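Enquirer: Dumping the structure here so I can ask a few things about it.
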Ligand code: ATP
Ligand code: MG
């Protein structure tokens, strides 16, 4: 086999001075977990990059798997050889002829090992001439080459690479804390979760479920969505909160124009309690400004008022088309469009206020006691742990 290593470049990690160690550790963990099913491969960290030794494993599935890991800027297949002129030439030749005839190339040498006897510029020529002498249909183009063959001479060994594949970028999941993602069965919230993971945040999912008004299938849909997100975040805890009793009470006692606002406030209030219990410092929703009645500025203000937690809304400025594009890319879209009602659509009032007034909301809430219901809901949460390799329907209930 030509290539025996994969090089992983950290990208944004290099900017994070102090936290660097933690980020590299987390990335290593995430790569290790992702590649668990390939026991032959070995992972090594260095300050500025990571190497995966393939040990006979075919590279393509490993490259595919690594492309979903946040914190990786780019990946390259590499050949590792001793710091020996002839061995390097041989490997560079193999890397070049792996490309189709007619390809133009350029050699770029980096010599971190200053004891290597030939300077970088000179070595570019040495290797370039060697390749031209030993091939017929490849030519040099230093300005716009089809491939750039990188020769990286380090103290321990030399790495030869000729292709750079884009990584998922962002930060390693788990390096920036946890957020409680309010996951409905809709298109938006899974995308919001994905974007948070891209910034290094681990997800814990909260879903409000209202049996018998919402079906088992609606709950399974949310579990399937969370399961799909484990492709990026490996493990995700899902809290399913029984919402029907409180929802009915709100529906019955709060003027209909305001019931949506109160319902959302209660969702946030309970989410904050769960977050507190689970040591989570923020709440994330799939809200996007102006999309529906509950997502106007006035609504957000009235709803947000129940919590001091940061409520993160990564989709706030995005158009629906943009959100759908990402949903398709991350393969949550087809799950989201399954036709199951969620708790909000079942109880949706005919004309929710698009500009609810905070003092009115508070007044209506003060007329009913919801504390006992909230406590009751907290006591009856079903928690499920999902991992990338668990089956979506043989999940393990924790409580
Ligand atoms: P989505 O596509 O994510 O459902 P949406 O555009 O339908 O969003 P809403 O129904 O107004 O918008 O919901 C706004 C946000 O509230 C959702 O993105 C989600 O974060 C949260 N949410 C709504 N319903 C639920 C639920 N049953 N359980 C948990 N969170 C919910
Ligand atoms: Mg929705």
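Numbering (my numbering), first residue to last: 626 to 1024.
All C-beta atoms, glycine included, are put in the ideal place defined by N, C-alpha and C.
Quantities reported herein were computed from a predicted structural model and do not represent experimental measurements.
Just to confirm the assignment: which complete alpha helix (DSSP H) runs, minimum length 4, are found wholly within the segment 875–948?
Expert: 881–902, 922–929
Enquirer: At what residues does the alpha helix (DSSP H) containing residue 996 begin and finish?
Expert: Taking the first residue of the chain shown as 1, we reach residue 996 at position 371. First-last of the alpha helix (DSSP H) with residue 996: 996–1004.
Enquirer: Quick check on the burial criterion: 16 or more other C-beta atoms within 10 angstroms. Buried or exposed for residue 664?
Expert: Start at 1 with the first residue of the chain shown, and residue 664 comes out as number 39. Counting the other Cβ atoms within 10 Å of the Cβ of residue 664 gives fewer than 16, which makes it exposed.
Enquirer: Kindly give me the distance between the Cβ atoms of residue 965 and residue 843, rounded to whole angstroms, as I take these residues to be in contact under 8 Å.
Expert: Within the chain shown, residue 965 is the residue found at index 340, counting from 1. Within the chain shown, residue 843 is the residue found at index 218, counting from 1. Yes, they are in contact, since the Cβ atoms of residue 965 and residue 843 sit about 4 Å apart, within 8 Å.
Enquirer: Can residue 809 be considered in contact with ligand 2, in the sense that its beta carbon sits closer than 7 Å to one or more heavy atoms?
Expert: Taking the first residue of the chain shown as 1, we reach residue 809 at position 184. Residue 809 Cβ: within cutoff of ligand 2.
Enquirer: Among 816, 722, 792, which one has its Cα closest to the Cα of residue 911?
Expert: As a first step, residue 911 must be located in the chain shown, where it is residue number 286. For residue 911, the nearest C-alpha among the options comes from 816.
Enquirer: Take every Cβ of the segment 957–964, pair it with every Cβ of the segment 850–858, and state whether three or more of those distances are shorter than 8 Å.
Expert: Yes: at least three Cβ pairs fall under 8 Å.
Enquirer: Any Cβ of chain E within less than 8 Å of the Cβ of residue 711?
Expert: Structure shown: chain E not included; a single protein chain is present.
Enquirer: Which term fits residue 996, buried or exposed, when burial requires 16 or more other beta carbons within 10 angstroms of its beta carbon?
Expert: Numbered from its first residue, the chain shown carries residue 996 at position 371. Around the C-beta of residue 996, fewer than 16 other C-beta atoms lie within 10 Å, and the residue is accordingly described as exposed.
Enquirer: Whole angstroms are fine: how far does the CA of residue 713 sit from the CA of residue 1021?
Expert: As a working note, residue 1021 is residue 396 in the chain shown. As a working note, residue 713 is residue 88 in the chain shown. Low confidence applies here, because residue 1021 scores a pLDDT of 48, under 50, leaving its location unreliable and the question unanswered by this model.
Enquirer: Cβ of residue 805 within 8 Å of Cβ of residue 899?
Expert: Indexing the chain shown from 1 puts residue 805 at position 180. Indexing the chain shown from 1 puts residue 899 at position 274. Yes, the pair counts as a contact, with Cβ atoms nearer than the cut-off.
Enquirer: Given this structure, state the Cα-to-Cα distance separating residue 739 from residue 905, to the nearest angstrom.
Expert: For the purposes of this step, residue 739 is taken as residue 114 along the chain shown, with counting starting at 1. For the purposes of this step, residue 905 is taken as residue 280 along the chain shown, with counting starting at 1. Going by the C-alpha atoms only, they are around 48 Å apart.
Enquirer: Is the beta carbon of residue 833 within less than 7 Å of some heavy atom of ligand 1?
Expert: In the chain shown, counting from the first residue as 1, residue 833 sits at position 208. Correct: residue 833 has its Cβ closer than 7 Å to ligand 1.
Enquirer: Please confirm whether any heavy atom of ligand 1 lies closer than 7 Å to the CB of residue 917.
Expert: Here the question's residue 917 lines up with position 292 in the chain shown. For residue 917, the distance from the CB to the nearest heavy atom of ligand 1 is below 7 Å.
Enquirer: Thinking C-beta only, is residue 728 closer than 8 Å to residue 776?
Expert: Locating residue 776 in the chain shown gives position 151, where the first residue counts as 1. Locating residue 728 in the chain shown gives position 103, where the first residue counts as 1. With respect to residue 728, residue 776 sits apart: the two C-beta atoms are not nearer than 8 Å.
Enquirer: Of the choices 649, 770, 931, 688, whose alpha-carbon is the least far from that of residue 699?
Expert: One-based indexing of the chain shown puts residue 699 at position 74. Looking at the Cα atoms, 688 is the closest of the given residues.
Enquirer: Looking only at DSSP bridge pairs, what is residue 796 linked to?
Expert: Residue numbering aside, residue 796 sits at position 171 when the chain shown is read from its first letter. In the DSSP output, where bridge partners are listed per residue, residue 796 has 824.
Enquirer: Would the C-beta of residue 892 count as close to ligand 1, meaning under 7 Å from any of its heavy atoms?
Expert: For this step, residue 892 is matched to residue 267 along the chain shown. Checking the Cβ of residue 892 against ligand 1 gives yes.
Enquirer: State yes or no: is the C-beta of residue 924 within less than 8 Å of the C-beta of residue 870?
Expert: Numbered from 1 along the chain shown, position 299 holds the residue referred to as residue 924. Numbered from 1 along the chain shown, position 245 holds the residue referred to as residue 870. In this structure, residue 870 does not lie closer than 8 Å to residue 924 by Cβ.
Enquirer: Where does the unbroken beta strand (DSSP E) through residue 737 begin, and where does it stop?
Expert: Indexing the chain shown from 1 puts residue 737 at position 112. Counting along the chain, residue 737 falls outside any beta strand (DSSP E), and DSSP gives it neither H nor E.
Enquirer: Work out the CA separation of residue 628 and residue 684 for me, nearest whole Å.
Expert: Residue mapping note: residue 684 aligns to position 59 of the chain shown, counting from 1. Residue mapping note: residue 628 aligns to position 3 of the chain shown, counting from 1. So the alpha carbons of these two residues sit roughly 8 Å apart.
Enquirer: Less than 8 Å between the CB atoms is what I'm expecting for residue 676 and residue 630, so what's the real figure, rounded?
Expert: Counting from 1 along the chain shown, the entry for residue 676 is found at position 51. Counting from 1 along the chain shown, the entry for residue 630 is found at position 5. A Cβ-Cβ separation of about 5 Å places residue 676 in contact with residue 630 under the 8 Å criterion.
Enquirer: Residue ranges of each alpha helix (DSSP H) run of no fewer than 4 residues wholly in the segment 841–866, ordered along the chain?
Expert: As summarised for the segment 841–866, the continuous alpha helix (DSSP H) elements at least 4 residues long and confined to that stretch are 841–858, given in chain order.
Enquirer: Where do the ends of the alpha helix (DSSP H) carrying residue 749 lie?
Expert: Translated into positions along the chain shown, residue 749 becomes position 124. Per DSSP, residue 749 is one residue of the alpha helix (DSSP H) stretching across 745–759.
Enquirer: Which residues share a DSSP beta bridge with residue 829?
Expert: The residue you call residue 829 lines up with position 204 of the chain shown. 805, 862.
Enquirer: With residue 720 and residue 780 assumed to form a contact (beta carbons below 8 Å), what rounded beta-carbon distance in angstroms separates them?
Expert: The residue you call residue 720 lines up with position 95 of the chain shown. The residue you call residue 780 lines up with position 155 of the chain shown. Not really, about 22 Å apart at Cβ, beyond 8 Å.
Enquirer: Just grab the DSSP bridge partners of residue 777 for me.
Expert: Start at 1 with the first residue of the chain shown, and residue 777 comes out as number 152. Note: residue 777 sits in a beta bridge opposite 735, 784.
Enquirer: Answer yes or no: do residue 868 and residue 814 have a C-beta to C-beta separation smaller than 8 Å?
Expert: As a first step, residue 868 is located in the chain shown; it is residue number 243 there, counting from the start. As a first step, residue 814 is located in the chain shown; it is residue number 189 there, counting from the start. No; because the gap between Cβ atoms is not below 8 Å, this pair is not in contact.
Enquirer: Would you please state the rounded distance, in angstroms, between the beta carbons of residue 987 and residue 882? I believe it to be under 8 Å.
Expert: For this step, residue 987 is matched to residue 362 along the chain shown. For this step, residue 882 is matched to residue 257 along the chain shown. Going by Cβ atoms, the distance from residue 987 to residue 882 rounds to 15 Å, so no, they are not a contact pair.
Enquirer: Can you grab the Cα-Cα spacing for the pair residue 1015 / residue 824, in whole Å?
Expert: Locating residue 1015 in the chain shown gives position 390, counting from the first residue. Locating residue 824 in the chain shown gives position 199, counting from the first residue. Approximately 24 Å, taken between the alpha carbons.
Enquirer: Are the CB atoms of residue 1009 and residue 848 within a distance shorter than 8 Å?
Expert: Position 223 of the chain shown, counted from the start, is the residue given in the question as residue 848. Position 384 of the chain shown, counted from the start, is the residue given in the question as residue 1009. For residue 848 and residue 1009, yes; Cβs fall inside 8 Å.
Enquirer: Considering Cα atoms alone, identify which of 760, 785, 696, 742 is closest to residue 704.
Expert: For the purposes of this step, residue 704 is taken as the residue at position 79 of the chain shown. Nearest of 760, 785, 696, 742 to residue 704, Cα basis: 785.
Enquirer: For the beta strand (DSSP E) containing residue 701, list its first residue and its last residue.
Expert: Residue mapping note: residue 701 aligns to position 76 of the chain shown, counting from 1. 697–706 is the extent of the beta strand (DSSP E) around residue 701.
Enquirer: Under the criterion of a Cβ to heavy atom distance below 7 Å, does residue 910 qualify as lining ligand 1?
Expert: Residue 910 sits at position 285 when you count from the first residue of the chain shown. Answer for residue 910: yes, Cβ within range of ligand 1.
Enquirer: Using a Cβ-based criterion (distance less than 7 Å to any ligand heavy atom), does residue 813 qualify as near ligand 1?
Expert: Residue 813 sits at position 188 when you count from the first residue of the chain shown. For residue 813, the shortest separation between its Cβ and any heavy atom of ligand 1 lies below 7 Å.
Enquirer: Who does residue 644 pair with in a DSSP beta bridge?
Expert: If you number the chain shown from 1, residue 644 lands on position 19. Paired residue(s): none; residue 644 is not in a bridge.
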